[in-house]
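Asks:
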Amino acid sequence: MTTQFPVKDITKLIPQKAPFVMVDSLLDFSETKVESAFTILSNNLFVENNNFTEPGLVENMAQTVALHTGYNYYIKGEDAPTGYIGSIKKTTIKKLPKVNDVITTKVNVLHEIMGVTMVEIMVFNAQNEEIASAEMKTVIAS
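Using the working numbering, you'd call the opening residue of the sequence shown number 1 and step up by one each time.
(1) Can you name the start and end residues of the alpha helix (DSSP H) that residue 61 belongs to?
(2) Do the CB positions of residue 94 and residue 135 come within less than 8 Å of each other?
(3) Rounded to whole angstroms, what is the Cα-Cα separation between residue 63 and residue 49?
(4) How would you write the range of the beta strand (DSSP E) that residue 121 sits in, first residue to last?
(5) Going by beta-carbon coordinates alone, are residue 66 and residue 103 separated by less than 8 Å?
(6) State yes or no: is the C-beta of residue 10 within less than 8 Å of the C-beta of residue 26?
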């Protein structure tokens, strides 16, 4: 199956539903990488004082990992599974993005075995400045 990137309709690729969706397009995908974009709107649950807050950034990171898993299932013709954050470490938030900013989140898959995925994640603003990073372990629900 050949896909044209970016994929704008990601509703079938992640288990989250509005208003809890923190990614809006799939920019790139491979077995070991995924890249998403997200436009921060003023009505977002995680916007406070015109800033996208830390929990929103962490949820964006987790949903980008979910996008990797979901797209992997999609190309096999299967529904996206539900997953959970198993652990987060080495989290750094350098700058909070503002309303109307577009952030790009890049995930490198370090290990994936039996439904457990270990990744490193970096979030960039429109100026390609790294504004956040973390290591995360996610687990697919069985």
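We treat Cβ as the ideally placed atom computed from N, Cα and C, and that holds for glycine.
Replies: The answer reads as follows:
(1) 54-74
(2) no
(3) 23 Å
(4) 116-124
(5) no
(6) yes
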